[in-house]
Structure formats: C-alpha cells, structure tokens
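A quick write-up on the structure given underneath.
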Amino acid sequence: MPETTLNNKRIAKNTLLLYFRMIIIMLVTLYTSREILKILGVEDFGIYNVVGGVVSMFGLITGALSSAVSRFLNIEIGQGNSEKIKLVFSTSVFIHIIIAVIIVFIGEFAGLWFILNELTIPSNRYDAAVWVFHCSIATFAINLISIPYNALIIANENMKIYAFVSFFEVVLKLLAVYTLVIFNIDKLQLYGVLMLFIAFIIRLVYQVYCHRKYPESHLQWRIDKTMVREMFAFSSWNMLGSSSVIMANQGVNILINIFNSPIVNAARGLALQVDSAVTQFSTNFMTALNPQIVKSYGAKDYNHYKNLMTNGSKFSVVLLSILSLPILLETEYILHLWLDTVPKHSVEFVRLILVFSISEAFSNTFTTGLLATGKLKKLMLFVAGVRMLNLPLSFVVLYFFKIPEITVVISIFLSQICLIIRLKLLKQFINIKIVDYYVNTVLKLIIIIMISFVMTDNLVKWFLPECFLRLLISMIIVELLFITCTYWMGCNGEERNMIKKGTIKMKNKFLKRI
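Taking our numbering, the leading residue of the sequence shown gets 86, the next gets one more, and so forth.
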C-alpha cells in the first residue's frame, strides 16, 4: 500500500480517536461550566477567568517552546534519526524545568502586583483572587513541564492515550464539581486548588506512560548546547507570535475588566468555553494532521506537504462550521437551555467568537507548514505585528464606545489579514496561487455558510416560535443545506469521487456486519 495512503488512513484513525476524546470533553465541559457558574456565582466566575487570564499571559513562553519541541521531534522522526530524538527530548525537558522555575518567581511578584493594583475586583474577594492566582501559577508550571511528554506522544501519532486520559480527566472534573457542592468553604479558593490537583495528576499519568512506552523519554543527563541555541532561536521568533495571541485574548480580557466589570468577563469566559468545546472538532483534526505536515517537509515531499495544508485548511473550516451553524442560529435559546443565569453580552460574544474561530481555521494548517520550515522571522514579524494591533484598537473602541463585543469584530478582520500574509510567505517554499485559494476555498466556503444560515434562519423562524422543536428542525435543515452545498460547490471532482468511494466502502462494510 502506498505510503501516502497509509498516512491518510493514520490521520483518519487518529482524528476519530480524538473525536471520541472531544465528545467526552465537550459534554463534561458544558455540564461543569454550567454547574460551576451556578456554584461560584457570576461575579466569582468572572474573577476566576480574569485572574487566570493574567497567568495565561505567561503562556506565550509555553506556546513558543511547545511548537519548538513538536517541530524538532517531528523533523527527526521524519528523518528516522533515533539518537537525535533522544537528545531533543532530554534537552527540551531541562529547558522547560528551568523556565518553569523562572516564571513562578517572576509571576509571584509582577503578576500579583498587577492583580492587586490594576484589576477591578470587589474588596471582599481580594483574598480569594490571590489564592486563585497562586494555584493558577502552580498549575501553569506543571503544564509547562509536561509539554515535552505531550509533544512526544503527538509526534508518534499515538492518540489512544489521549482518549484514555481524557476520560480520566473528565471523571476528576466531575468529582471536583461534587466536591464544591459538599464542602462548605470558600468555593472560589477550593476550585483553584482542585484545578491544580487535576493538572498534577494528569501530568503524572502522561509522564509514566511515556517512560513505559518510549525509550527516548528516559532522560540523558546532558544538554546539547547547539540544540539549545537552535530551539531558542526558533522559540524566540515563535514567542513573538505567541505574545500577539496572548495580547489578542487575555490583554483584551483585562481591558474589558478595566472598562466594564467581572460580569462582562464572565460572559466572555462562557463564550470562550462554548467556543473551546466546538473548536475541538477542527483542533482534533489538526492534532492528527500536524505531524504529517511537518514530517512531509522533513522528508522533502513538498507536493504532499502542499496538499496537506490546502486540503486540511478546507476540511478544518467545514468540520468547525458543521457544529457552529446550529449554535449561531439558536444561540439565545441554547444558552438559556444550558444555563440557569445567562450573563449580559453572552449571546453576542458566543456568536462573534465562533465566527472568529471559523476565520482562524483557514490559517491553522498554513501556520503549521511555516513552522515546519524553521524560518520564522518574517512570519512572526508580520503576523504578530498585525495581531498586536488588536490591543490598541480595542482600547480605543472600549474607551470611546464601551461596547465589548466590537473587540471580537476587530479580531475577525485582523485574522483575515494574517491569512493573506501566511499565504504570501508560503510562496517561497511551494507553488501556491493565493487568488485561486481565496476564490476556490475561502470565498466558496463563506458563501456556503451564509446560504445555509440565511435560508434556515428565514425558513424556520418564520413558521415556529422559539422552542426545542425549532432547535431540532433548525439543526437538521442547516446541516443538510451546508453538507449539500459543500459537496456540490465546495468540493472538486476528485474530492467528490473520493467521498463517493468512501461512502460506498462504509456502506458495504455495514451491510456485511448485519
């Protein structure tokens, strides 16, 4: 069987495993978010989101180093260099331990000062906010040290362990909700401790698994100085990109807190949790696809490298839209069905953040492809520069208009500019026609999404009042419209033939079993 076919089957298998993981996480996330909002209250839930956001600002280092480890591991696996894999892993573990210690030290001084002096927090909740901050810093450090182990599992495309650990993790989170109910102490402080405990257990599970499964995870007590320089050279530019993401997300979250209140942060936090649950579809696909993109570049198979990026971009958007469209149509009803109390601005935030995620899904595979090249200077200077405009633009909008939702509109506009920049940078590595990609992929999918949304919205809302029956009918109609339009308008002849063959194959297998 050709290597490309085997790789495609591996991607499909890993994507299915990750979907199983996603379904479990999504269901529990939606349930626990609802219960935690009820237990903590809107104000404490908003405080947890904004304080945790301050800690996640240090995540620009995490994101940069995580990408570096994944990239170096995948390149060496693609070239079949087992000794170099061991060296990459051991070097990355020591780097992460050192950086974790530094971040804890800096965070406990600078971060704590910022919370106590700059954030809008009720005076009677300062002690709880500080406690949550300490727990969040510790959780962050644990997750940072875990990065090399997670990267090793992903690089080896072993997704079974993620499905297993995810099931274990959701059990722990359900127990955390139960613990909040039965213990009559400060709920916000207890929640911070429980999240720290869960992070520690999950980190331990991954480490034990790697030690037993992969010999290269056994640490060599030496650091390759050349590799450290290469990783930091890669990470330093990638860190610029990560910092722009943090500024776009948590920086704006802090601005919203300064110009509004923790209640608006709670609305945005709920919207992000809905978005996180939904985007797991495309994220799981990308997790399965990313190693193949990097390995194909490392193996100099540039045709496969290009096809994985362009086709992956299209299918990422399709997968995300399939789940997003019903929520976009019935946002208000779904939120009231899900939550006892729906904070003001939640409906608008959910809709806009889902649109932003669809916009970002166009770019994800191209970002991975550019990271695989290791040449990040132009990518990070241009893309990070555009992303960083989000903060000053949001400041101006919030200062003059006090409308927090416009910050997401700014993000959507900047996201499309960044997509064009990535495509232009890729032209030096592959023969990609930007206008053709925009016409045949971006514009077609936008038109398909708009047709499906508008037709369903006008058809269903004209005949039915807001109710559960309308939700079900809307879901069925919008999905049928979207899938049909995507098949006939969004797929080329080769893709339609592939879908037909796959459908017939699945049908024959099903008939044999019955």
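Note that the Cβ used here is the ideal one computed from N, Cα and C, for glycine as well.
Going by Cα to Cα distance, which pick from the options is closest to residue i?
i: Arg156; options: Phe400, Met312, Val256; result: Met312
i: Lys529; options: Val494, Trp547, Phe400, Met583; result: Phe400
i: Ser406; options: His389, Met473, Ser442; result: Ser442
i: Val255; options: Leu304, Ile239, Met280, Ile267; result: Met280
i: Ser448; options: Thr526, Ser431, Val494; result: Thr526
i: Leu476; options: Ala457, Ser496, Leu461; result: Ser496
i: Leu499; options: Pro376, Ala469, Phe486; result: Ala469
i: Ser302; options: Val482, Ala384, Ile568, Lys169; result: Lys169
i: Glu193; options: Phe179, Val337, Phe218, Ile184; result: Phe218
i: Pro489; options: Ile348, Tyr299, Ser177; result: Ile348
i: Lys380; options: Ala248, Lys487, Glu161; result: Glu161
i: Asn338; options: Phe249, Pro300, Leu483; result: Leu483
i: Asn388; options: Met316, Phe514, Val520; result: Phe514
i: Thr416; options: Phe553, Ile180, Met574; result: Phe553
i: Ala213; options: Leu275, Asn396, Tyr299; result: Leu275
i: Lys310; options: Leu466, Ile180, Gln501, Val524; result: Ile180
i: Val481; options: Ile343, Ile267, Ile561, Thr569; result: Ile343
i: Ile635; options: Val545, Trp573, Ile283; result: As shown, the chain starts at 86 and ends at 599. That puts residue 635 outside it, with no answer to give.
i: Asn392; options: Ile187, Glu579, Ile184; result: Glu579
i: Val186; options: His296, Phe225, Asp129; result: Phe225
i: Lys245; options: Met560, Asp129, Lys298; result: Lys298
i: Pro233; options: Trp423, His296, Tyr211, Ser431; result: His296
i: Met560; options: Leu461, Ile412, Ile188; result: Ile412
Anyone know if the C-beta pair for residue i and residue j falls short of 8 Å?
i: Met394; j: Gly459; result: no
i: Ser479; j: Leu340; result: yes
i: Ile536; j: Thr571; result: no
i: Leu414; j: Leu273; result: no
i: Ile182; j: Ile230; result: yes
i: Phe252; j: Val290; result: no
i: Ser221; j: Gly277; result: yes
i: Val363; j: Leu408; result: yes
i: Glu120; j: Val262; result: yes
i: Asn235; j: Pro376; result: no
i: Tyr418; j: Glu564; result: no
i: Tyr522; j: Ala457; result: no
i: Val154; j: Ser177; result: yes
i: Ile584; j: Cys576; result: yes
i: Val359; j: Val440; result: no
i: Val494; j: Leu437; result: yes
Under 7 Å Cβ to Cβ from residue i, same chain only, skipping five residues before and after it: list those, please.
i: Phe285; result: Ile227
i: Met86; result: At Met86 the pLDDT is 44, less than 50, meaning the model places this residue with poor confidence and gives no usable figure here.
i: Lys123; result: Asp425
i: Val402; result: Ile443, Ala446, Phe447, Leu530
i: Phe467; result: Ile506
i: Arg581; result: Tyr572
Taking the straight line between their C-alpha atoms, what separation do you get for residue i and residue j?
i: Asp425; j: Ala356; result: 15 Å
i: Arg288; j: Tyr116; result: 24 Å
i: Lys463; j: Thr372; result: 25 Å
i: Lys586; j: Thr492; result: 44 Å
i: Asn241; j: Asn269; result: 45 Å
i: Asp542; j: Leu556; result: 11 Å
i: Asn243; j: Leu237; result: 9 Å
i: Ile517; j: Asp386; result: 15 Å
i: Val215; j: Ser208; result: 12 Å
i: Ala351; j: Pro428; result: 7 Å
i: Glu445; j: Arg353; result: 18 Å
i: Leu172; j: Ile239; result: 17 Å
i: His421; j: Tyr294; result: 41 Å
i: Trp547; j: Leu257; result: 44 Å
i: Leu603; j: Asn202; result: Because residue 603 is not part of the residues shown, which for the chain are 86 to 599, the question remains open.
i: Leu374; j: Asn396; result: 11 Å
i: Gln501; j: Asn334; result: 17 Å
i: Leu304; j: Arg314; result: 19 Å
Who are the near neighbours of residue i in its chain, counting only those whose CB is closer than 8 Å to its CB and skipping five residues on each side?
i: Phe451; result: Met394, Ser398, Leu504, Arg507, Leu508, Leu511
i: Leu566; result: Ile536, Ser537, Met540, Thr541
i: Ile568; result: Ile407
Step through the CB atoms of chain C and report whether any lies within less than 8 Å of the CB of residue i.
i: Pro300; result: Reference to chain C is not applicable here, since this structure consists of a single protein chain.
Got a sec: does the ligand ZN put a non-hydrogen atom nearer than 7 Å to the Cβ of residue i?
i: Lys380; result: This structure does not include the ligand ZN; it has no bound ligands of any sort.
Sorted by chain position, which residues of the same chain lie with C-beta nearer than 6 Å to residue i's C-beta, five sequence neighbours on each side aside?
i: Leu549; result: Arg555
i: Ile390; result: Residue 390 is actually Tyr in this sequence, not Ile. Ser381, Tyr382, listed in sequence order.
i: Ile283; result: Leu257
i: Val471; result: Leu499, Ile502, Cys503
i: Val520; result: none
i: Asp129; result: Leu273
Contained alpha helix (DSSP H) runs [length at least 4] in the stretch 155-191, N- to C-terminal order
167-191
At 4 residues or longer, what runs of the alpha helix (DSSP H) sit wholly inside the stretch 247-323?
List check, alpha helix (DSSP H) in window: 272-298.
Segments of 4+ residues assigned as alpha helix (DSSP H) that fall wholly inside the stretch 525-593:
529-548, 553-570
Which ranges does the alpha helix (DSSP H) cover as unbroken runs of at least 4 residues, wholly within the stretch 502-528, from first to last along the chain?
519-522
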